[in-house]
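Asker: Following this message is one structure expressed as structure tokens.
Protein chains: 4
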Amino acid sequence: MKRLNIGLIGSGFMGRSHALAWRATAATFSLRTTPHLELLADIDEVTARKAALGFGFSRSTGDWPMLVEDPDVDLVDITTPNILHAPMCRAAIAARKPVYCEKPLAPDAATAFALAREAEAAGVPTFVGFNYLRNPMTELARDIVTSGEIGEVWNFRGIHAEDYMTDPESPWTWRLDPKGGAGAVADLGSHIISLARYVVGPIERLSADIDTIVRERPTRDGRRRAVEVDDQARALVRFASGAKGTIEASWVATGRKMYLAFELTGSKGSICLNMERMNELKLYVSGRPATLDGWVEIPAGPAHKDYAGFIPAPAHQLGFNDIKTIETAEIVRGLTGNGLKRMPDFREAAEIQAVVDAMLMSGRNGNWVSVDDVAKAAGR
Amino acid sequence: MKRLNIGLIGSGFMGRSHALAWRATAATFSLRTTPHLELLADIDEVTARKAALGFGFSRSTGDWPMLVEDPDVDLVDITTPNILHAPMCRAAIAARKPVYCEKPLAPDAATAFALAREAEAAGVPTFVGFNYLRNPMTELARDIVTSGEIGEVWNFRGIHAEDYMTDPESPWTWRLDPKGGAGAVADLGSHIISLARYVVGPIERLSADIDTIVRERPTRDGRRRAVEVDDQARALVRFASGAKGTIEASWVATGRKMYLAFELTGSKGSICLNMERMNELKLYVSGRPATLDGWVEIPAGPAHKDYAGFIPAPAHQLGFNDIKTIETAEIVRGLTGNGLKRMPDFREAAEIQAVVDAMLMSGRNGNWVSVDDVAKAAGR
Amino acid sequence: MKRLNIGLIGSGFMGRSHALAWRATAATFSLRTTPHLELLADIDEVTARKAALGFGFSRSTGDWPMLVEDPDVDLVDITTPNILHAPMCRAAIAARKPVYCEKPLAPDAATAFALAREAEAAGVPTFVGFNYLRNPMTELARDIVTSGEIGEVWNFRGIHAEDYMTDPESPWTWRLDPKGGAGAVADLGSHIISLARYVVGPIERLSADIDTIVRERPTRDGRRRAVEVDDQARALVRFASGAKGTIEASWVATGRKMYLAFELTGSKGSICLNMERMNELKLYVSGRPATLDGWVEIPAGPAHKDYAGFIPAPAHQLGFNDIKTIETAEIVRGLTGNGLKRMPDFREAAEIQAVVDAMLMSGRNGNWVSVDDVAKAAGR
Amino acid sequence: MKRLNIGLIGSGFMGRSHALAWRATAATFSLRTTPHLELLADIDEVTARKAALGFGFSRSTGDWPMLVEDPDVDLVDITTPNILHAPMCRAAIAARKPVYCEKPLAPDAATAFALAREAEAAGVPTFVGFNYLRNPMTELARDIVTSGEIGEVWNFRGIHAEDYMTDPESPWTWRLDPKGGAGAVADLGSHIISLARYVVGPIERLSADIDTIVRERPTRDGRRRAVEVDDQARALVRFASGAKGTIEASWVATGRKMYLAFELTGSKGSICLNMERMNELKLYVSGRPATLDGWVEIPAGPAHKDYAGFIPAPAHQLGFNDIKTIETAEIVRGLTGNGLKRMPDFREAAEIQAVVDAMLMSGRNGNWVSVDDVAKAAGR
């Protein structure tokens with residue numbers, strides 16, 4: 001039984017979610033390597049110490065570069081505001097530490113590809129937290145497509161819509177800082193792009209339409225600040241496989257709280273998956289008797305990848321944090337040479353970011369854009 | 001109590017649906033003008049006579065021009081294959097008879113606008129059968145938007161997807177004849193476009209991506225014939241109001257049987273309507289207490305427009321043919337000077353067709369297309 | 001082509017629904033016998049004439065016994081308040097006319113069995129309007145059970161709950177008159193009992209719990225009148241087949257508008273049917289691969305009994321009045337010697353009423369009651 | 001910051017779920033007392049040691065009485081087969097240790113009340129794991145009822161149906177041992193009874209119908225053994241408040257995997273909660289405008305009790321193990337004098353068991369049974 005010492009930077013919502021996931025990983029999956037909450041860094045020592053106590057870390061620090069260098073830290077886990085992801089990743093790579101970074105990896109594809117190249121040159125394993133890929137129902141969707149059971153993919157309609165920015169008085173935050181690469185496309189669109197790539201494959205070309213609905217927002221200090229990033233976006237997309245479809249992202253989708261969903265149409269069947277009910281997948285397969293023709297509503301259960309670690313009974317349901325635990329387990333497996341290495345690395349994150357960049361470019365210039373061209377220009 | 005003598009051309013599925021609707025109209029809505037099934041025309045006298053008996057028409061004919069001229073026919077109702085719509089409408093206009101034509105009115109916007117101009121010049125009332133507009137839940141959606149209750153419309157995602165052409169061995173039919181203006185965009189897309197215009201208003205510009213999936217199909221005589229029309233399409237759309245969104249149409253959407261649906265996002269609320277469950281509308285309105293926040297699932301009932309004529313109790317459900325009966329009642333009201341004249345006329349059908357044409361043009365040339373330009377070029 | 005002259009008594013909601021159904025019957029099902037709206041009777045000549053015009057009847061009368069005797073009336077159709085059903089049926093039997101009576105046939109099983117015996121002795125065909133039996137999805141449920149596909153039936157949970165009497169200020173009506181046999185059990189419970197018998201078979205024994213929630217209601221003349229009938233009821237039931245289950249009825253089920261539903265559990269599969277979405281049936285069949293295990297949601301379509309007459313495309317939906325049209329078509333088939341004679345006759349209505357009586361008796365005495373004993377005591 | 005040392009007995013599915021919950025408790029809820037996984041006991045030292053490593057316990061033992069006596073164990077947590085619950089609880093009480101026992105506490109109400117009395121006499125805090133009470137949506141249901149917003153409760157239809165015993169070849173297990181008090185009523189019925197009591201209050205009288213469907217099952221050693229406990233059951237129930245309803249339990253409900261659900265009807269509104277979609281609650285409140293009347297679908301979010309500890313965004317979903325974490329947090333709060341002490345103690349578990357016993361008694365004798373009489377006879 002070995003120990004994997006985690007160094008976590010950031011103790012906000014996502015930091016807590018990572019801490020909970022790391023704590024649960026070994027017990028859930030009976031892994032032989034046990035993640036240990038070794039060191040927590042945050043903006044200052046007081047904040048870090050408080051969170052370390054709450055989350056169960058052994059030590060804390062207000063100095064994140066120290067964490068990266070700490071000889072007892074085996075893996076650097078980054079959950080800070082987006083703008084800090086790139087420098088922290090770079091430091092981890094320099095220190096030859098495996099690094100696990102929350103999405104988005106970088107504000108643009110150029111930075112992301114640079115990070116990927118650096119990590120590859122250094123031989124550092126990298127992981128990016130597109131957690132919905134680890135939902136057992138996502139894996140089921142991918143397995144069904146891969147098996148050929150629903151034939152050739154003809155159409156993919158993908159959406160990630162929430163409404164946390166609908167209120168125009170909702171304040172200006174770091175999510176709105178274009179230096180962080182933010183906007184709805186980057187923040188939410190990247191999730192549905194990651195799913196599209198995971199299930200259908202690379203996106204080749206796209207044409208996007210993008211808007212900023214709320215033009216300015218109040219700042220914490222009582223002034224108003226212009227919003228430069230997008231609130232909602234849609235794109236026509238063409239996949240390398242020949243499939244076509246649409247990708248949509250919005251953080252002003254009034255009423256929607258977690259509408260990350262897709263419908264995938266194949267020549268012999270179709271799949272609907274909606275994270276609003278993430279423990280269900282709807283499957284249609286052609287060829288049933290006409291009187292019994294219909295969609296099957298499949299509840300997640302122990303027959304599905306990774307579910308059985310949590311509960312031995314079907315339909316008892318996994319939650320958001322459980323999916324994160326599957327992610328951390330996949331990282332452990334990735335680092336210890338087991339498993340299928342399904343986790344997106346920096347290169348995959350850069351590819352996803354290239355699609356984001358292509359959407360933004362197309363939204364600006366009104367033309368179809370080649371994702372390959374964008375990726376190459378970004379140093380793929 | 002007056003009588004409105006109906007002359008129906010065509011006795012297929014849609015002819016039967018119209019006959020049933022006309023028969024039910026007066027009894028359902030206690031109208032003072034009673035539609036009477038006067039004369040039925042079909043391809044030959046034998047076919048027409050048989051259908052006339054079954055549907056309850058007084059007379060029949062194998063000669064449709066005779067029907068148009070018949071002095072006892074007050075209204076010409078056209079349910080023939082698409083390619084015949086235009087000449088039949090033209091004959092009815094020439095005979096100064098009100099005309100009710102199934103959608104699509106014409107194979108292209110130029111023909112449709114020409115028909116509209118001719119009818120207007122002749123002072124002939126016209127009606128086109130975009131029946132889903134008459135679903136009480138569609139009217140409710142429109143009323144909610146119009147009332148301002150959900151604020152400004154920000155996004156509209158509209159889809160009409162079915163799968164009746166998924167099977168590549170499904171034979172070549174008149175629906176695939178480009179002379180009839182067909183393809184999924186014209187056949188199904190026109191429905192969702194009609195809904196988009198009815199609820200959100202005119203579409204100004206769009207960028208479309210269109211494909212033909214099944215490249216050839218068997219003909220009835222055992223050969224194979226190339227398919228020239230589209231199987232599936234998606235478009236980015238911009239409305240005159242500033243709203244944006246997507247329109248999608250497919251008749252190869254494996255598993256979908258009646259997925260005519262939209263989600264409309266407003267600044268203060270949102271609406272989902274899906275004709276797969278056409279007796280329900282989902283409404284979100286901002287501002288509920290946080291613990292009780294959510295979407296309301298509204299079942300159709302007698303409080304909604306036109307429902308009470310059928311059943312005095314809510315949630316007892318209307319069917320497809322009932323919606324057609326609402327349409328015929330609206331025509332009677334239109335002709336007798338009552339009601340709001342909500343039925344689309346030839347001009348509205350031409351505007352819808354201009355959007356269809358713009359989608360096809362954009363699909364071909366890969367550019368954003370101005371619907372206004374298309375409509376003007378078509379002689380709007 | 002023959003004509004079946006209908007004599008309808010009653011022009012309220014249900015009278016209109018019958019008129020619409022009769023008008024649509026032949027056209028929908030291409031029957032060779034055409035129902036003709038011959039004569040309409042109501043409480044007085046003026047009311048009857050007005051309704052006759054609206055519904056399209058040839059003649060009208062304020063004298064229902066005259067209608068029964070009229071030589072041009074081939075079938076007597078009764079849609080009056082419950083209390084009048086029995087005397088009108090009796091008159092029709094005396095006149096040797098086939099009779100179609102809305103449910104409930106009679107205020108108690110004794111009257112119902114007496115009517116059944118009289119009709120049988122006279123050789124008069126009889127039909128009772130338990131219309132939900134004619135929903136194609138009900139027929140599908142029965143066919144699935146009969147086929148053995150889901151094995152032996154172990155449990156049946158049946159409910160009919162609406163809320164039209166929830167408001168204590170909702171006035172006293174003829175529905176509350178115990179002489180009409182009314183109460184939620186008789187009014188709504190009879191529907192779910194008819195479904196239970198149709199799909200699972202006879203109910204042998206039961207134990208019920210029944211209450212009157214709203215003890216008095218306002219009358220039309222401004223006073224208050226005590227309510228003697230039940231508002232809600234539940235019963236444990238045992239079927240002759242060995243299946244067990246529950247039956248529930250309520251007209252004070254706040255929020256429920258049309259919750260007529262059952263879940264039937266078999267040894268190898270299960271069925272859920274809910275008339276709130278009456279165009280869908282959910283089916284579970286054991287033995288699917290574990291990763292694809294789930295319920296199939298089957299939309300009604302032309303493959304299902306009686307649907308194709310209305311629409312050739314699946315999932316386009318039938319409405320309440322369409323189901324009534326299936327019922328009238330089944331009557332025509334029954335009278336003309338075609339079809340399976342699936343319509344409940346007076347004897348079946350009496351058997352249903354015996355279950356209602358048994359529920360009321362058990363509710364009063366708190367004991368398990370034998371339905372057979374009740375039926376025998378009522379002169380089965 | 002204090003430490004609460006957990007001594008867990010049992011390392012099966014439920015033991016792992018408890019271990020995960022204890023590990024997550026402090027980090028999720030920022031509690032000042034941190035549960036520590038001190039000692040794990042199982043049937044032998046090898047089993048215990050292996051599980052201790054996997055779950056993260058400091059120590060292990062094959063001798064559970066030793067665990068109870070261990071001075072470093074602050075709380076005894078019992079997740080063993082049912083038959084062992086009572087003796088282990090008794091030992092913990094004798095050792096004056098707070099005890100947390102999985103449901104069912106005891107095979108019968110007499111044993112359960114005896115345990116309650118012993119614990120009360122010893123002043124030992126007790127907790128029983130009816131975890132669905134801790135679903136934030138359950139708390140919401142209770143809060144809505146308590147607030148009076150939906151008026152007086154008129155009806156409660158409660159169900160817990162799963163299908164893990166449907167297969168007749170599913171082997172005989174300890175769940176079928178009547179000495180453990182088992183059967184579907186005890187195993188699943190107790191959950192829905194606990195919910196009924198939590199939301200509506202005490203059940204006074206009931207009449208039940210109970211069956212054993214699969215009469216014998218294979219044993220592990222290849223023989224067949226008779227099944228003495230019930231497979232499915234339904235009861236008519238009357239609450240002390242005057243509300244009535246039904247309770248149903250089945251472990252042979254083919255197709256159902258986690259159908260723990262209730263519909264609660266009030267005079268001014270109604271609630272539906274179904275653990276198949278445990279992150280949603282449906283609420284109907286009378287008085288909305290007629291055109292907007294309907295049920296609200298409320299997704300769980302940070303506005304609801306205990307949710308925010310897991311995720312700050314609504315509709316991102318909690319899972320089964322998260323609910324267990326809420327339970328362990330409630331225990332910590334109960335032990336440290338904070339919180340509302342909503343956890344059921346041994347007395348509440350005994351009251352629930354009295355309803356179970358009453359159902360079994362009524363099922364045997366066919367009469368209405370007073371739950372009070374059963375509880376008193378059991379030494380309440």
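Protein chains in written order, with this note's numbering: chain L, 1 to 380; chain R, 1 to 380; chain X, 1 to 380; chain H, 1 to 380.
Every residue, glycine too, gets a C-beta built ideally from N, C-alpha and C.
Note that the structure is a prediction, hence the values are computed from the model and not measured.
Quick check on DSSP: helix, strand or coil for Gln232 (chain H)?
Answerer: Reduced to three states, the DSSP call for Gln232 (chain H) is strand.
Asker: What residue from R:Arg59, R:Thr126, R:Asn135, R:Leu140 has the CA that sits closest to Asp345 (chain R)'s CA?
Answerer: R:Thr126
Asker: According to the Cβ coordinates, are Ala313 (chain L) and Glu276 (chain H) closer than 7 Å?
Answerer: no
Asker: Just checking: is the beta-carbon of Tyr284 (chain L) within a distance shorter than 7 Å of some beta-carbon in chain R?
Answerer: Under the 7 Å criterion on CB atoms, Tyr284 (chain L) is classed as interfacial with respect to chain R.
Asker: Alpha carbon to alpha carbon, how far is Ser17 (chain L) from His304 (chain H)? Give it in angstroms, no decimals.
Answerer: 19 Å
Asker: Determine, using beta carbons only, whether Gly269 (chain R) comes closer than 7 Å to chain L.
Answerer: yes
Asker: Report the option in X:Ala92, X:Arg224, X:Met361, X:Ile213 whose CA atom is closest to the CA atom of Gly123 (chain X).
Answerer: X:Ala92
Asker: What three-state label does DSSP hand Asn135 (chain R) in the structure shown?
Answerer: coil
Asker: In chain order, which continuous runs of the beta strand (DSSP E) of length 3 or greater are located wholly inside the segment 51-95 of chain X?
Answerer: Correct list: 59-61, 75-78.
Asker: Using the three-state DSSP reduction, which class does Glu204 (chain L) fall into: helix, strand or coil?
Answerer: strand
Asker: Using three-state DSSP, classify Ser267 (chain L) as helix, strand or coil.
Answerer: coil
Asker: Which word fits Gly54 (chain X), buried or exposed, when buried means at least 16 other C-beta atoms lie within 10 angstroms of its C-beta?
Answerer: Buried, since its Cβ has 16 or more Cβ neighbours within 10 Å.
Asker: Kindly say whether Trp368 (chain H), judged by its beta-carbon, lies nearer than 7 Å to any beta-carbon of chain R.
Answerer: By this cut-off, Trp368 (chain H) is not an interface position.
Asker: Check the C-beta distance from Gly181 (chain L) over to Pro81 (chain L) and give it rounded, since I have them as a contact under 8 Å.
Answerer: No, Gly181 (chain L) and Pro81 (chain L) are not in contact; Cβ-Cβ is about 11 Å, not under 8 Å.
Asker: Give the residues of chain X in contact with Met66 (chain R), contact being defined as C-beta atoms less than 7 Å apart.
Answerer: Those within 7 Å of Met66 (chain R) in chain X number zero; the least Cβ separation is about 23 Å.
Asker: Beta-carbon separation of Glu45 (chain X) and Ser58 (chain X) under 7 Å?
Answerer: no
Asker: For chain R, check one thing: does any of its Cβ atoms lie closer than 7 Å to the Cβ of Ile311 (chain X)?
Answerer: Chain R contact via Cβ: present.
Asker: Buried or exposed for Ile326 (chain X), please, with buried defined as at least 16 other CB atoms from any protein chain shown within 10 angstroms of its CB.
Answerer: buried
Asker: Examine the Cβ distances between the segment 287-295 of chain H and the segment 164-181 of chain H and report whether three or more of them are shorter than 8 Å.
Answerer: no
Asker: Which partner residues does Ser286 (chain X) have in the DSSP bridge list?
Answerer: For Ser286 (chain X), which the question treats as bridged, DSSP gives no partner whatsoever.
Asker: Are the segment 86-105 of chain X and the segment 59-78 of chain X in contact at 8 Å, needing three or more beta carbon pairs?
Answerer: Flag = yes, the segment 86-105 of chain X and the segment 59-78 of chain X touch.
Asker: Identify the contact partners of Val412 (chain L) in chain X, using a Cβ-Cβ distance below 9 Å as the criterion.
Answerer: Only positions 1 to 380 of chain L appear in this structure, which leaves residue 412 (chain L) out of reach.
Asker: Mind checking who Val99 (chain X) pairs with in its DSSP beta bridge?
Answerer: DSSP lists X:Val76, X:Thr126 as the beta-bridge partner residues of Val99 (chain X).
Asker: Does the segment 240-252 of chain X come into contact with the segment 108-115 of chain X, if we say contact requires no fewer than three beta-carbon pairs (one atom in each stretch) closer than 8 Å?
Answerer: no
Asker: Quick check: is the beta carbon of Gln317 (chain R) nearer than 7 Å to any beta carbon in chain L?
Answerer: Against chain L, the CB of Gln317 (chain R) has no partner CB under 7 Å away; the residue lies outside that interface.
Asker: If we call anything under 7 Å between Cβ atoms a contact, is Ala48 (chain R) one with Gly56 (chain X)?
Answerer: no
Asker: Any Cβ of chain R within less than 7 Å of the Cβ of Lys305 (chain L)?
Answerer: no
Asker: How is the alpha helix (DSSP H) around Phe310 (chain L) delimited, first residue to last?
Answerer: Phe310 (chain L): not part of any alpha helix (DSSP H); DSSP gives it neither H nor E.
Asker: Which residue's Cα is closest to the Cα of Pro71 (chain X): X:Glu139, X:Phe13, X:Ala121, X:Ile6?
Answerer: Here the closest residue by C-alpha is X:Ile6.
Asker: Among the residues of its own chain, which have a CB less than 7 Å from the CB of Glu297 (chain X), if the five just before and after it don't count?
Answerer: Glu280, Lys282
Asker: Taking 7 Å as the cut-off, decide whether the C-beta atoms of Ser241 (chain H) and Ser207 (chain X) are in contact.
Answerer: No, they are not a contact pair.
Asker: Between the beta-carbon of Gly12 (chain R) and the beta-carbon of Val153 (chain R), is there less than 7 Å?
Answerer: Taking 7 Å as the cut-off, the beta carbon of Gly12 (chain R) is found no closer than this to the beta carbon of Val153 (chain R).
Asker: Could you list which residues in chain H have their beta carbon closer than 8 Å to that of Pro81 (chain R), in chain order?
Answerer: Those do not exist, as Pro81 (chain R) stays about 39 Å from chain H at its closest Cβ, beyond 8 Å.
Asker: Comparing the C-beta of Lys257 (chain X) with each C-beta of chain R, is any distance below 7 Å?
Answerer: At least one beta carbon of chain R lies nearer than 7 Å to the beta carbon of Lys257 (chain X).
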